[in-house]
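Report on the following structure.
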Amino acid sequence: MSDGSRLLITGGCHGNELEGPLVGQRLIDWLPEAPTCGKVVGADQPAPRVPVAERI
Numbered sequence: 015m016s017d018g019s020r021l022l023i024t025g026g027c028h029g030n031e032l033e034g035p036l037v038g039q040r041l042i043d044w045l046p047e048a049p050t051c052g053k054v055v056g057a058d059q060p061a062p063r064v065p066v067a068e069r070i
């Protein structure tokens, strides 16, 4: 990344599907080893709560 660039890492969780947050965490853990310049932001996005009646 060039100076001033920004990278947003998001990973949502739906039910028991934890792949999104886990992969995001692995990427954040790996980044200190990578040559980067700029800002990295990690955000966990929970699944929106939708009433059952609206899903049917």
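For the sequence shown, my numbering gives the first residue as 15, with consecutive numbering after it. Glycine included, every Cβ here is placed at the ideal spot set by N, Cα and C. Treat the numbers as computed from the prediction; the structure is a model and nothing was measured.
Residue i versus the options, residue with shortest Cα-Cα distance
| i | options | result |
| --- | --- | --- |
| residue 34 | 24, 43, 42 | 24 |
| residue 18 | 50, 56, 57 | 50 |
| residue 56 | 48, 47, 41 | 41 |
Residues near residue i in its chain [Cβ-Cβ closer than 8 Å; skip 5 each side]
| i | result |
| --- | --- |
| residue 37 | 25 |
Own chain partners of residue i with C-beta closer than 7 Å, once the 5 adjacent residues on each side are dropped
| i | result |
| --- | --- |
| residue 45 | 54 |
First and last residue of the uninterrupted alpha helix (DSSP H) at residue i
| i | result |
| --- | --- |
| residue 14 | Lying outside 15 to 70, the shown extent of the chain, residue 14 is not represented and no answer is given. |
| residue 35 | 33-44 |
Buried or exposed (CB count within 10 angstroms, at least 16 for buried), residue i
| i | result |
| --- | --- |
| residue 52 | exposed |
| residue 58 | exposed |
Own chain, CB closer than 6 Å to residue i, minus 5 neighbours either side, in chain order
| i | result |
| --- | --- |
| residue 21 | 54 |
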